[in-house]
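These notes concern the structure reproduced below.
In my numbering, the protein residues as written are -8 to 80.
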């Protein structure tokens, strides 16, 4: 099973206590995802205000950002996702 095929069946993603700082925007396209554990992760992207709203808001935010921008890289300016956030309101 390839990486793409595996993602098509992903229902739960447990990242608790993982040092991950950014979720990939591609995660927003995983329609089968029902649970995402991000406790104690030092996430910067999506911003905490989005993460606090739960899985639906996170996935929507990632889809909006994917449509507008490439996935953020280490050199991306802080706050480049503000335009994505404003579309959630």
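For every residue, glycine included, the Cβ atom is placed at its ideal position computed from N, Cα and C.
Taking all protein chains shown into account, decide if residue 19 is buried (16 or more other Cβ within 10 angstroms of its Cβ) or exposed.
-> Residue numbering aside, residue 19 sits at position 28 when the chain shown is read from its first letter. That one is buried.
Whose CA, out of 26, 73 and 60, lies closest to the CA of residue 15?
-> Position 24 of the chain shown holds residue 15. Closest by alpha carbon: 60.
How would you call residue 10, buried or exposed, if buried means at least 16 neighbouring beta carbons within 10 angstroms?
-> The sequence position of residue 10 within the chain shown is 19, counting from 1. Residue 10 is exposed by the Cβ-count criterion.
Between the beta-carbon of residue 25 and the beta-carbon of residue 3, is there less than 8 Å?
-> Position 34 of the chain shown, counted from the start, is the residue given in the question as residue 25. Position 12 of the chain shown, counted from the start, is the residue given in the question as residue 3. Contact flag set, yes.
Unbroken beta strand (DSSP E) run spanning residue 51, endpoints = As a first step, residue 51 must be located in the chain shown, where it is residue number 60. Element bounds for residue 51: not the beta strand (DSSP E) but the alpha helix (DSSP H), 46 to 59.
Between 55, 21 and 46, which lies nearest to residue 30 when the distance is taken from Cα to Cα?
-> In the chain shown, the residue the question calls residue 30 occupies position 39. The candidate whose alpha carbon is nearest that of residue 30 is 46.
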